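The structure appears below as structure tokens.
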Ligand code: PRP
Ligand code: ZN
Ligand code: MG
């Protein structure tokens, strides 16, 4: 039996479940159950907060995970990546209040920026020679400017509706991301074999989608 961690609720959840189903793996899922077993493959699925997935896979609590590259890079655990999955594409972007003047990233010098991605944003700003105060918050980042918590934000943008709904304008792309498959680096041989079978099926699904 191999354990796969996927996001409980969020952008990646539906796409991750669809991929597993398209791999021909059947399972029952209910909103309140955080763990389920596949009916026709030795697979257990854990439903977790996406931010927790890289750490669980690193520690071997889960053998495999499907997570956004953004979360993986932020956690400093890129060595766990097995392959990019080609879905849930998004970008990590800087955004400012829509009415605010903005010419270049230099305008963020000395500003307060709220983000859940201090590592990715910090290295981007350092590369641009901009110094700013980063305020790390774990969610609802887009609310920060309207409640006086920050001058700008840096968060994941997919459709852009969260920015739009909160009066924000996207001004810089910090990082481009998609879903990736990750694995613990000390998998037992039986589990490594199951991972290979899963990868084989996932690749077939990707080819069929094209
Ligand atoms: C991201 C981000 C926004 C949303 C943006 O959340 O934090 O909430 O997606 O998407 P949109 O541009 O389509 O409106 P994510 O799903 O990564 O989950 P989390 O931040 O709650 O972990
Ligand atoms: Zn998250
Ligand atoms: Mg979010």
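Numbering (my numbering), first residue to last: 2 to 211. Yeah, the Cβ is synthetic: ideal placement off N, Cα and C, and Gly gets one too. Since the structure is predicted, the reported quantities are computational estimates derived from the model, not experimental observations.
Any non-hydrogen atom of the ligand PRP within 7 Å of residue i CB
i: residue 130; result: no
i: residue 32; result: no
Residues sharing a beta bridge with residue i, DSSP
i: residue 108; result: Beta-bridge pairing links residue 108 to no other residue.
i: residue 48; result: 7
i: residue 176; result: 93
i: residue 181; result: 68 and 85
i: residue 113; result: 134
i: residue 1; result: Missing from the structure shown is residue 1; the chain here goes from 2 to 211 and no further.
i: residue 122; result: Note: residue 122 sits in no beta bridge, so no partner.
i: residue 157; result: 93
Residue i versus residue j: straight-line alpha-carbon distance, rounded
i: residue 122; j: residue 176; result: 9 Å
i: residue 170; j: residue 142; result: 14 Å
i: residue 69; j: residue 79; result: 11 Å
i: residue 207; j: residue 88; result: 10 Å
i: residue 105; j: residue 53; result: 34 Å
Residue i beta carbon near the ligand ADP (any heavy atom closer than 7 Å)
i: residue 56; result: With respect to the ligand ADP, the structure shown offers nothing to examine, as its ligands consist of the ligand PRP, the ligand ZN and the ligand MG.
Test item: CB-CB of residue i and residue j under 8 Å
i: residue 227; j: residue 196; result: Given that the chain is displayed from residue 2 to residue 211, the structure contains no residue 227 and the question cannot be resolved.
i: residue 46; j: residue 33; result: no
i: residue 5; j: residue 63; result: yes
- Message: Using only Cβ atoms and a threshold of 6 Å, which residues come within that distance of a heavy atom of the ligand PRP? Order them by chain position.
- Response: Counting every residue whose Cβ lies closer than 6 Å to a heavy atom of the ligand PRP, we get 11, 12, 51, 140, 156, 157, 158, 159, 160, 161, 162 and 163.
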